[in-house]
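As they're listed, the protein sequences go chains A and B. Using our numbering, you'd call the opening residue of the first sequence number 16 and step up by one each time. Using our numbering, you'd call the opening residue of the second sequence number 16 and step up by one each time. C-beta atoms are modelled at their ideal positions from N, C-alpha and C, and glycine is treated no differently.
There are 2 protein chains.
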Amino acid sequence: MLKYQHIANEIEKYIEDHALKQGDKLPVLEKLMTQFGVSKSTVTKSLDLLEKKGVVFQVRGSGIFVRKHKRKGYINLLASQGFKNSLEEFQLTSEVLQLKVTKPTQEAAVNLNVELNQDVYYVKRIRYIHGQPLSLEESYFNKAIITYLNKEIVAESIFNYITEGLGLKIGFSDTFLHIGKLNEEEAKYLELEKDEPKLEMESVFHLNNGQPFDFSKVTYNYQQSQFFVQASSYSL
Amino acid sequence: MLKYQHIANEIEKYIEDHALKQGDKLPVLEKLMTQFGVSKSTVTKSLDLLEKKGVVFQVRGSGIFVRKHKRKGYINLLASQGFKNSLEEFQLTSEVLQLKVTKPTQEAAVNLNVELNQDVYYVKRIRYIHGQPLSLEESYFNKAIITYLNKEIVAESIFNYITEGLGLKIGFSDTFLHIGKLNEEEAKYLELEKDEPKLEMESVFHLNNGQPFDFSKVTYNYQQSQFFVQASSYSL
DNA sequence: AAGTGGTCTAGACCACGGC
DNA sequence: CCGTGGTCTAGACCACTTT
């Protein structure tokens, strides 16, 4: 494992183990350098990583501090592929409604950057939290990249299979959010009424070489879904 | 200006000027180093910055590529304080409904980390896009930090005033999203019906030293609002 | 003035992709 | 094998905060 990743993990563990709260001060750079026996740049890189993840913030001339918000049960929109991290303490299950190899819709073809006659996996499933329907998902996977899927994989974590099983590396994702009203089918699956609010999330996931491999449309039950985003000021 | 920021700006401008598209290749590191006359680390830092901003992605052994999604009119959830960047090409106006110095609500006091008897600025305004109501905003500013506000400032960009006028530096923000149904007052301002969908966004903005200075609750017109988030894989 | 983080360099070596 | 990006170092110097 890379040094700076390892150090970042250690620091995160340290925060966890000592139950540090927002604003608590971490050891100074010098201390961390000697403690881990690495150069300043490496420690800095670890801290930059933790800053991106929203775990710490650094103040010049002052120190390194813990960043931690208090709310629980929110889905982190930046933890890419959804919940596993944000909601790991909750009871999540999923039901696979459909799994097949087919041709993409126009929309899926555009987003996956494939031709209309190329094969894709189509997956439709419902996610439950504490037995309540949380979301209805439709996903398209480029079969040229994701060469094989089955019900077992799809019932568990597809992304875990992609990284572990297929040895692929996920690079980045684009996610688009809309608010609207449920249609009849969505309402049925989510156990709500037609025309009640919904959040629709469309995501395109790319490998680390930039190839899109997954286009997903997820409809959330508005009663169960809350999201958070931690931003840092590189946006000026 | 810092070298790496300047270089990042230049590269972004280069992409813009040459109308590069997703997947287009940028000059190699070596080239950028000599072109800008800086060390490898500095170019790398620029590229990391652009990667965080979702402008490029780097592939080891292969090159540096442009990252660009096609959809227009989406609000970037990471560009902290809202629209200015994402929607700058659209006609945005705002109407100030209220501006006063008062005591915080319980909720605002908790989020701003102030006592209930400390002064805060309370601002209520509506944002319009192309003359259509986009959002209804209620904001609380810690008066100990944001020492002065007036109608003119509030009608324009408050954040611009905070950075330029007051010389403060914004550090990071936490944003929470909920979906719900409009109440009567919200419906009136947004020119919708009661019980129609709404997106409610609560944000806490912090200075670069970690102090929270702004707690805002924004209710979006579901017909006007679409959001996007670009994630990168540091989430593993 | 002392403490602490941020920027930048020059260079060594490593890891991955593509020819 | 070569081109290309990624990690890591040691050290100089800078900028902001705290005492």
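{"Asked": "If you reduce the DSSP assignment to three classes, tell me which class ILE30 of chain B lands in.", "Found": "helix"}
{"Asked": "Give a yes or no on contact between the stretch 193 to 210 of chain B and the stretch 115 to 129 of chain B, applying the rule of three or more CB pairs nearer than 8 Å.", "Found": "no"}
{"Asked": "So the candidates are A:LYS36, A:VAL138 and A:LEU149; which of them puts its Cα closest to the Cα of ILE90 of chain A?", "Found": "A:LEU149"}
{"Asked": "Express the C-alpha separation of VAL70 of chain B and ARG82 of chain B in angstroms, rounding to a whole number.", "Found": "5 Å"}
{"Asked": "Around the C-beta of LYS199 of chain A, are 16 or more other C-beta atoms found within 10 angstroms, so that it is buried, or is it exposed?", "Found": "Going by the sequence as given, residue 199 of chain A is Glu instead of Lys. Exposed, because fewer than 16 other Cβ atoms sit within 10 Å of the Cβ of GLU199 of chain A."}
{"Asked": "ASN132 of chain A to GLU215 of chain B, Cα distance in whole Å?", "Found": "41 Å"}
{"Asked": "Residues of chain B with CB under 8 Å from PHE243 of chain A, in chain order?", "Found": "ASP189, THR190, PHE191 and LEU192"}
{"Asked": "8 Å is my cut-off, CB to CB: does ALA246 of chain B come that close to chain A?", "Found": "yes"}
{"Asked": "Counting Cβ pairs, one atom from each stretch, are 3 or more of them under 8 Å apart for the stretch 138 to 145 of chain B and the stretch 184 to 196 of chain B?", "Found": "no"}
{"Asked": "Is there contact between the stretch 24 to 39 of chain B and the stretch 230 to 241 of chain A, where contact requires at least three CB pairs shorter than 8 Å?", "Found": "no"}
{"Asked": "State the Cα-Cα distance for the pair ALA246 of chain B and SER247 of chain A, rounded to the nearest angstrom.", "Found": "13 Å"}
{"Asked": "With distances taken between CB atoms, is the gap from VAL125 of chain B to TYR155 of chain B smaller than 8 Å?", "Found": "no"}
{"Asked": "Hey, which unbroken runs of the beta strand (DSSP E) at 3 residues or more fall wholly within the stretch 123 to 202 of chain B?", "Found": "135 to 144, 147 to 157 and 185 to 196"}
{"Asked": "At least one CB of chain B closer than 8 Å to the CB of GLY97 of chain A: is that the case?", "Found": "The pLDDT assigned to GLY97 of chain A is 48, lower than 50, so where the model puts this residue is not dependable; a value taken from the coordinates is nonetheless given after this. No, no contact with chain B."}
{"Asked": "For GLY76 of chain A, count neighbouring Cβ atoms within 10 angstroms of its own Cβ and tell me buried if that reaches 16, exposed if not.", "Found": "exposed"}
{"Asked": "For LEU47 of chain B, does the count of other Cβ atoms within 10 angstroms reach 16, so buried, or fall short, so exposed?", "Found": "buried"}
{"Asked": "Looking at the unbroken alpha helix (DSSP H) that takes in MET48 of chain A, where does it start and where does it end?", "Found": "44 to 51"}
{"Asked": "Assign THR190 of chain A to buried or exposed, taking buried as 16 or more other Cβ atoms, counted over all protein chains shown, within 10 Å of its Cβ.", "Found": "buried"}
{"Asked": "Looking only at C-alpha atoms, which of B:VAL111, B:ILE22 and B:LYS166 sits nearest to GLY52 of chain B?", "Found": "B:ILE22"}
{"Asked": "Under 8 Å, do THR49 of chain A and TYR19 of chain A count as touching if we go by C-beta distance?", "Found": "no"}
{"Asked": "Once DSSP output is grouped into helix, strand and coil, what is the label at GLU110 of chain B?", "Found": "strand"}
{"Asked": "If you measure beta-carbon to beta-carbon, which residues of the stretch 72 to 88 of chain A are closer than 8 Å to chain B?", "Found": "PHE72, VAL74, SER77, PHE80, ARG82, HIS84 and ARG86"}
{"Asked": "I'd like to know whether the C-beta of SER172 of chain B is nearer than 8 Å to at least one C-beta of chain A.", "Found": "no"}
{"Asked": "In three-state terms, what does DSSP make of ASP210 of chain A?", "Found": "coil"}
{"Asked": "For ALA159 of chain B, count neighbouring Cβ atoms within 10 angstroms of its own Cβ and tell me buried if that reaches 16, exposed if not.", "Found": "exposed"}
{"Asked": "Judging by CA-CA distance, which residue of A:TYR237, A:THR178 and A:GLU201 is the nearest neighbour of PRO212 of chain A?", "Found": "A:TYR237"}
{"Asked": "So which residues of chain B does TYR19 of chain A contact, with C-beta pairs closer than 9 Å?", "Found": "Within chain B, no residue comes near TYR19 of chain A; the closest Cβ sits about 11 Å away, beyond 9 Å."}
{"Asked": "My output table needs one value for ASP229 of chain A: the three-state DSSP class, helix, strand or coil.", "Found": "strand"}
{"Asked": "Identify, in the order they occur along the chain, each residue of the same chain with its Cβ nearer than 8 Å to the Cβ of LEU92 of chain B, setting aside the five sequence neighbours on each side.", "Found": "THR190, PHE242, PHE243 and VAL244"}
{"Asked": "Comparing C-alpha positions only, which one of B:VAL43, B:LYS87, B:ALA94 and B:LYS55 sits nearest to PHE72 of chain B?", "Found": "B:VAL43"}
{"Asked": "Cβ of GLU110 of chain B within 8 Å of Cβ of LEU151 of chain B?", "Found": "no"}
{"Asked": "Can you pull out the residues from the stretch 26 to 48 of chain A whose beta carbon lies closer than 7 Å to at least one beta carbon of chain B?", "Found": "GLY38"}
{"Asked": "Is DSSP giving LYS40 of chain A helix, strand or coil here?", "Found": "strand"}
{"Asked": "Could you check where the beta strand (DSSP E) with VAL70 of chain A kicks off and where it finishes?", "Found": "Premise fails: VAL70 of chain A is in no beta strand (DSSP E) and is neither H nor E."}
{"Asked": "Would PRO148 of chain A pass as an interface residue toward chain B - the criterion being a Cβ-Cβ separation below 8 Å?", "Found": "no"}
{"Asked": "On the DSSP bridge assignment, give the partners of GLY78 of chain A in chain order.", "Found": "A:VAL74"}
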